[in-house]
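Have a look at the structure below, then the notes.
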Amino acid sequence: MRPGAIAVLRAIGQRVEEVWGGVDIVFANAGIQAFKPLLEMEDADWFDQIDNNLNGTANVLRAFAPLLVRRGGGGIWGDQCSS
């Protein structure tokens, strides 16, 4: 995830809250894969996957879960898939 991406996600969340009053459901999905065995992976492949699949999904939740809290609840669906 690029530096500043969490700030962009939070800005989007703020705009959604302003325009539509918040969110009811957050679906965070990410999934990329290098398609090579772990022992053959370059460091860049590994870190790109972790950044996208873990940090990308977590940052969506970190940016949008507070909207659910302010609204009094809602649903969160976190999914990570690569095939």
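Add 13 to a position in the sequence shown, counting from 1, and you land on the number used in my numbering. Glycine included, each C-beta is placed from N, C-alpha and C at the ideal position.
{"query": "Residue ranges of each alpha helix (DSSP H) within the segment 43–89, 4 or longer", "result": "56–62, 70–84"}
{"query": "Nearest-angstrom Cα separation, counted from Phe-77 out to Arg-23", "result": "7 angstroms"}
{"query": "Distance between Trp-59 and Glu-53 (C-alpha atoms, nearest Å)", "result": "10 angstroms"}
{"query": "Segment limits, alpha helix (DSSP H) that includes Gly-26", "result": "18–33"}
{"query": "CA-to-CA distance, Leu-81 to Ile-38, given in whole angstroms", "result": "8 angstroms"}
{"query": "Exposed unless 16 or more other CB atoms sit within 10 angstroms - verdict on Ala-43", "result": "buried"}
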